[in-house]
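K.L.:
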Amino acid sequence: MEILMSILIGFLFMAAVYLILSRSLLRIIIGTGLLSHGTHLLLLTMGGLNGKAAPVLKDGVTDYADPIPQALILTAIVISFGVTAFSLVLAYRTYKEIGTDNMELMKGTEDND
Amino acid sequence: MSLIFAIFTPILIALLIPFLFKRVPKIHTGWFVLIVPVALVSFYATYLPSIMSGSTYIDELPWIPSLGISFISYIDGLSLLFSLLITGIGSLVVLYSIFYLDKKKEKLGNFYVYLLIFMTAMLGVVQSDHLISLYFFWELTSISSFLLIGYWYTRDGSRFGALKSMMITVFGGLMMLGGFLILGILGDTFSIRELIAQTTTLATHDLFVWALVLVLLGAFTKSAQFPFYIWLPDAMEAPTPVSAYLHSATMVKAGLYLVARFTPIFAVSEVWVWLVTGVGIVTLLWGSFFAVKQTDLKAILAFSTVSQLGLIMSLLGIGSIAYHVSGDLVTTYTFATFAAIFHLINHATFKGSLFMIAGIVDHETGTRDIRKLGGLMSLMPVSFTIALIGSLSMAGVPLFNGFLSKEMFLDATLSLQHFNLYAMDTWGILIPIIAWVASVFTFVYSLYFVFHTFRGKYKPEQLPKKAHEAPLGMLVSPGILATLVIVIFFVPNFLGNTFVKPAVVAIQPLTYAVPADVGFTIKAWHGFDSIALYMTLGIFLVGFVLYKLLPKWTAIYQAIPSKLSLNKMYDGLMNFADHGTNRISSLYMTGSIRSYLLYMFAAIIMLLASTLWIKDAFVISFDNLAPIRFFEILISIILVVGTLTILFTKSRLTAIIALGAVGYTVALFFIIFKAPDLALTQLVIETVSVALFLGAFYYLPKLNKHEKGKEDRGFRLGNFIIALGVGVMVTLIAISSHSQKLVPSISQYYKDTVYSEAGGGNIVNVILVDYRGFDTLFEISVLTIASLGIIGMITVRLAKKKGDRKIENK
Amino acid sequence: MINLLLFPVLIPFLFAAISLFFPKKVKAQRITAITGLLLALVSAIILLVKVKTDGVQALTLGSWAPPFGITMVSDMLSVLLVTSSILISLFVVWYSFSSIGEEREKAFYYPAILFMLTGVNGAFTTGDIFNMFVFFEVLLMSSYVLIVLGGEKVQLRESIKYILVNVISSSLFVITVGYLYSVVGTLNMADISIKLADIGQTGIVTVIAVLFLIVFGIKGGIFPLFFWLPGSYAAPPVPVLALFGALLTKVGVYAIIRTYTLFFTTDVGYTHELLMIISIITIIAGCIGALAYFDLKQIIIYNIVIAVGVILFGVSTMNESGLMGSVFYLIHDILIKGALFLLIGIIIKITGTSNLRKMGGLIKHYPILGWSYLIAAFGLAGIPPLSGFVGKLLIVQGGLEGEYLWQSIFILASSLVVLLSAIRIFIYAFWGEEKGSHDISPKLYRHLMAPTVTLVAITVLYGVGSEFLVPFMTDATSVLLDPSVYTDAVFEGVK
Amino acid sequence: MKTNDLIIQTTTKVVFFIIFLFSIHIFFAGHYTPGGGFVGGLLMSSAIVLLLLAFDLKTVQEMLPINYTILTAIGLLISLATAAGSIFFNVPFFTHVYDYFYIPLLGETSIHTAMFFDTGVYLVVVGVTMTIIQMIGGDE
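Residue numbers (full-length UniProt numbering), protein chains in the order written: chain A, 1 to 113; chain B, 1 to 810; chain C, 1 to 495; chain D, 1 to 140.
1) Using a Cβ cut-off of 8 Å, which residues of the region 159-177 of chain B contact any Cβ in chain C, in chain order?
2) Met313(B) CB to nearest chain C CB: under 7 Å?
3) Is the beta carbon of Phe449(B) less than 7 Å from the beta carbon of Ser378(B)?
4) Does the Cβ of Leu393(C) have 16 or more other Cβ atoms within 10 Å, making it buried, or fewer, making it exposed?
5) Would you mind working out which of Leu95(B), Met176(B), Trp210(B) sits nearest Ala244(B), comparing C-alpha positions?
6) Beta carbons nearer than 9 Å to chain B: which residues of the region 63-81 of chain C have them?
7) Drop a sphere of 10 angstroms on the beta-carbon of Phe5(B), count the other beta-carbons inside from all chains shown, and report buried for 16 or more, exposed for fewer.
8) Of the residues that make up the region 114-135 of chain C, which ones have a beta carbon closer than 9 Å to any beta carbon in chain B?
9) Considering only C-alpha positions, which residue in the set Ile556(B), Ile300(B), Phe342(B) is nearest to Met313(B)?
10) Taking a cut of 8 Å between CB atoms, which residues from the region 321-341 of chain C lie near chain B?
11) Out of Ala249(B), Phe19(B), His130(B), point me to the one whose CA is closest to Gly88(B)'s CA.
12) Would the beta-carbon of Val125(B) fall within 7 Å of that of Ser142(B)?
13) I need the straight-line Cα distance from Lys705(B) to Ile9(A), nearest angstrom please.
14) Taking Cβ positions only, does Glu158(C) come closer than 7 Å to chain B?
15) What does the alpha-carbon distance come out to for the pair Leu248(C) and Gly338(C)?
16) Could you give the DSSP three-state label for Thr367(B): helix, strand or coil?
17) Can you pull out the residues from the region 82-99 of chain D whose beta carbon lies closer than 7 Å to at least one beta carbon of chain B?
18) Quick one: grab the DSSP three-state call for Asn110(B).
19) Considering only DSSP beta bridges, list what Ser70(B) is partnered with.
20) Taking the beta carbon of residue 506(C) as the centre, do at least 16 other beta carbons fall within 10 Å, making it buried, or is it exposed?
21) In the DSSP assignment, what are the bridge partners of Tyr64(A)?
22) Let me know if Ala555(B) comes out buried or exposed under the rule of 16 or more other beta-carbons within 10 Å of its beta-carbon.
23) Can a CB atom of chain B be found closer than 7 Å to the CB of Phe117(D)?
24) Compute the beta-carbon to beta-carbon distance between Asp129(B) and Ile58(B), rounded to the nearest angstrom, for a pair I have assumed lies under 8 Å.
25) Measuring alpha carbon to alpha carbon, tell me which residue in Asp198(C), Leu225(C), Gly200(C) is nearest Leu211(C).
26) Name, please, each residue of chain C whose Cβ falls closer than 7 Å to the Cβ of Ser36(A).
27) Can you tell me which residues form a DSSP beta bridge with Tyr98(D)?
28) Which residue comes first and which comes last in the beta strand (DSSP E) that contains Leu72(C)?
29) Closer than 8 Å between beta carbons: that is the criterion. Which residues of the region 54-73 of chain D meet it against chain C?
30) Look at the alpha carbon of Leu275(B) and the alpha carbon of Pro385(C), and state the distance between them as a whole number of angstroms.
31) Taking 8 Å as the limit between beta carbons, can you name the residues of its chain near Leu26(A), skipping five residues before and five after?
32) Check the DSSP bridge columns for Asp295(C) and list the partner residues they point to.
33) Exposed or buried, Thr748(B), counting other C-beta atoms within 10 Å across all chains shown (16 or more means buried)?
34) So, at 6 Å on beta carbons, what are the nonlocal neighbours of Gly31(A) in its own chain, with the 5 sequence-adjacent residues on each side left out?
35) Could you please give the first and the last residue of the uninterrupted beta strand (DSSP E) stretch that includes Leu59(C)?
36) Assign Ser223(B) to one of three DSSP states: helix, strand, or coil.
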């Protein structure tokens, strides 16, 4: 399963990068969303997927899933939520201010000498 | 007064200068400044007797002793000679400047501060026994020279010249520092004296030659040797007192000093002999040849200085052959060193006076263009006399000190035939020939300088001012120098014994222990069997003919293609710095985030792929894997389908909802992989996120609106290849990492202690609030900050209020 | 006071949280910010003394034994960086009083700075690799807020690029931590160090080392990952730019130094060789950029890139001189970049433009500004006895001791480009005929000059007083040379 | 987003309280079973969002006159203070203590300082999500 998951994660990263490289701001932000999904699944996979029980104490259970990656993922999820919310508002403001969501129109090189 | 304190005196006094300039406007600030070099020259003069008897002095001020970095002032024959030159000529120059620079019109405060900084720097250079402090003062001379050349900073020429001189000399300085560091590492000391003591072991090391070349780069750039001389003519934009002081008498001689000082360390290498002699002799010829072409008085003198510096440099090179020979030949070659030092002093006297005269002419007529000048002899008789003395000395005519050293120079070049290093006995014959040719040109431009200015027809209509003799005060300094020119001719050996011999001891410590050992005497007459005598006569004869025929042959200068000139190369480099770099930069700094990301991802893929390949790091192991169950495959398929939907949909609503679906699928994964907390959180967050997405993109245009048509196949293909690469790398490394769990995880500890020590049951939650609660504390701060930013974005809109002022954003 | 090493992290945090209660009271905001920074500075200095006398300080939070809790570690390098970061923030805040404008001050400008400082100090202090990620996020999120605050067009445009790049780098960071966790099963940096040393040279570890270089390299602005930097840094107002320029890249550089001396010491022939090559190309790229633009901000920004290359070159030599030089240069660069950005900020305020070709002759009316700039420029170029000299000297010495002849000469030569780029500003802005508008009141000028000149003076002291710094630098270097000093401090009394 | 339908509004109020209570439950359960301050806080905010959907922004602001920035700051300070309490006992930052107490009505209960910390988390999450939603919803 871990190998399958690795491939799946690779696929998510591929899709994410493809989206990030496109011109539309929305697609880019969606890309970052996929990126964090991939990241979180990767963390989980790196902890190993063959735990038999959730890491919540229960009598008679010894084979718990690795709790560390889960804790890390939780932290990461919250942080990416914050970043996503921020970028959404930024995208929204940018669109209203600059009038486009096409990144290729936001080069700004004309300012340079 | 300790020696170190003496070095820093000028810079300390400099702190008072702006104050004096402001508060005592009635007295020319120069008078206060004058006290400094006069006091110092008398101070250093007191060392003369003991130095003549062969003793040395040392004084140390630690700067960073932990790293072995100190200011060490070391006074021996060589450094004392230079110190006296710096302070002596310095006194005359300051005196001259008092009359040259107007106390009302000029920013004297700045001028004298720079000049005093320079004085400290120069004293430091010639007295430092410590390599790092030598470098420190060396760069300080470059900087003060920069400020002095740029003194009239509104002139384009000043700024150009200042930058040019700084670029070239600082470049040399940096290279020199590299050489110093190599020496320091090889010898495990930064002290020059200690390095001299171990020169034979140093020379065996591979890096030794590199140190040598790097140090010589410093010397050659500073002393305006070929091909680095190009900054010196442009440095003539400085006020004339500066040209006389820095760019003829002292700073440019720092390179000569450096060569002399390092001769005991480097002379054991053949490379040194060849480089120093060769570069010197080429510079001599080059400078003298191009001096004739110049039309600006100061430019003639600048090229003449270049050429004379080359002459002294080549003498030092010939002198260093003494380290390669034995017996009588040692004296033969140390004679060149003796001549070098003697000529160095002579040059300071006659060139200093000539610069001051050029300044006087400029000051009194308003121009330095030799084509407009002429016939000033009767109007400015004193100046003419001084100029004549200086020029004839420069030309090597008897009755003036230049004759003596020129003869010695010719003798020294002839001595090369005795030496067969890399066929120097055969090739070496070229050197006297070049020396002779160069001396002819020297003769020509000397006459050209003095006679074209003072004789011929007076052309008042071309002069901005009505010419008349300079005020007495301005003539004092050049007058003193001109007097010295004659006095030295008549009592050369006083000078030789007092100044030259102690310096020679410092350069040739293996041969001579005390100044009294140096057995040379300077004679004006060597007898009829001296080849140098006939060479000199030839110079006068040919030189005079060429001078008379001047207009006939100067056309050859036009034949030299200007594009090949070194100045053009410098301009080309600077042009590259100004514009070429911009062109290069705009190739990749496009402002398009996509292209930046493309480069970045491409680099990441390449780095990772090559590391995986080179290190053979890809490992796949099928042990310890979780089984694949049916619904896991099902969820995976949903995930893939959801992702593909995002990729291919044209509707933004679909894309957002598909993203949500992917998020829920991830939550499903969390459930089946036993992570209920994650699943719960992911579900709630995904819901809120989708709501936010919808809220924020409510107003936005249709997805792909801009991309239709424009998004060509190449664009997509590029994106796809890069994306694929990233995906593959992530997968490969994930598989490798998972297959190489080299150390068991620490997680067992949490399972063991969560109830007993942390008083909880949900391990993940306890980790979050307890074991790793610190993460959580700052995780919620991230959220807090994000909300602040969002408030800021929504409420603060400077762009609208002020209009789009581009003040800070351009 | 075993929690002392947390104070420089927590005090700015506390004051940031407090100032959220009264966002619209500008005066109170200012006082809170300054008080917080001063207290943080005091605590950092006390910590500095403590680390000097008692050696590396370590604390595992929550009384859990390392490696199970999060460990915070203050070694000399970390505490030096912490102290200088607080110092720079203090000057920037002081400078902001008269330049940032009320609108921004009322929109959480100061809390954002304090939060960013929290993140920066946390990243410098943490001894846990995932916790470092969290602190990175704290400082990044604050920097997002600062870069966009004001909502000018260019800010919005560049913020998107900045955030995008950093989101990618953060994701890479997390997956790299994931890979590392899979291989060594731990997150505590001291523990990682010990375990990696036991494992020895393994391919996957080298791959992870390269990944870390990429992750931190994006933050640090190394080639070929720096492209985003010049545009993004130029967008916000000058005080923010000064903070970014002085601090943010340094966090990346610090993280590279930390990981490449603590973790990845088993395959130096590959990893550090790579680091050296990259650092040299970084310098070239920086040099090209520093010369390419006649724009004040761009020139100094590209000099950040050059400095990063120089510092990392010193690290890649892995010998005492090189590492000590890097530490010297790192702190120098924080101070001097801060000073330079504040200086050009004043020039921009006076002339109303950052285009060099549109200004000139400022020295006549603003001599102190001119001379301060010149001193800072020479300091930047490493002219002795100013601040950049000793660091560069040691770095080159380290290069030569490692017999990297050409590379070392190259580093020296790059100083010339630095000098040219910096002196060009002096020649164009201060020399020449007077040009451009001069709309600045004498009062504003004085208010902006006060912090700036003080900072320049500090950089001068830093250079001249290098002797007093050497013992600190030696301590910092000894930890870098010998990871066991670090790991022993963490596991003291545990194993 | 204006709906003046009375039935929906009343239902919403009821659902709001149910979700609110559930969020409190999830929050307290966190230490032993899945849940905790973060999820609890998010649930609470979704309850408020529900109110927003049923009423308009202004009404909700009148019903819950909370300055969410200050709420966030309070949450942050509670978390910090809980963690920082250990500073005064000169034990490492973040050292939690817990004990079992008998509290009337609730019976044997464990009081854990981690709970206070989680309360801070809860408040911050509510404050932040609400700020974001208000900002996006309230912007023209």
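For every residue, glycine included, the Cβ atom is placed at its ideal position computed from N, Cα and C. Computed from a predicted structure; not experimentally measured.
P.N.:
Result, derived from the coordinates:
1) Arg159, Ala162, Leu163, Met166, Met167, Val170, Phe171, Leu174, Met175, Leu177
2) no
3) no
4) buried
5) Leu95(B)
6) Here the close residues are Trp64, Ala65, Pro67, Phe68, Gly69, Ile70, Met72.
7) exposed
8) Phe115, Met116, Thr118, Gly119, Gly122, Thr126, Asp128, Phe130, Asn131, Phe133, Val134, Phe135
9) Phe342(B)
10) none
11) Comparing Cα-Cα distances from Gly88(B) to each of Ala249(B), Phe19(B), His130(B), the minimum goes to Ala249(B).
12) Contact: no.
13) Here Lys705(B) scores only 48 on pLDDT, less than 50, and its place in the model should not be relied on; the value that follows carries that caveat. Cα to Cα, Lys705(B) sits roughly 30 Å from Ile9(A).
14) no
15) 12 Å
16) coil
17) Ala83, Phe94, His96, Tyr98
18) helix
19) Pro62(B)
20) Nothing in the structure corresponds to residue 506(C), since chain C is present only between 1 and 495.
21) DSSP lists Ala53(A) as partners of Tyr64(A).
22) Classification of Ala555(B): exposed, given that the 10 Å Cβ count is below 16.
23) yes
24) 7 Å
25) Leu225(C)
26) In chain order: Ser171.
27) His112(D)
28) What sits at residue 72(C) in the sequence shown is Met, not Leu. Segment 71-74, the beta strand (DSSP E) holding Met72(C).
29) Thr69, Ile70, Thr72, Ala73
30) 32 Å
31) Ala91, Asp101
32) Asn355(C)
33) Checking the displayed sequence, the identity of residue 748(B) turns out to be Gln instead of Thr. That one is exposed.
34) So the qualifying residues of the chain are Ala16, Leu19, Ile20.
35) Its beta strand (DSSP E) spans residues 57-60.
36) Of the three classes helix, strand and coil, the one that applies to Ser223(B) here is coil, per DSSP.
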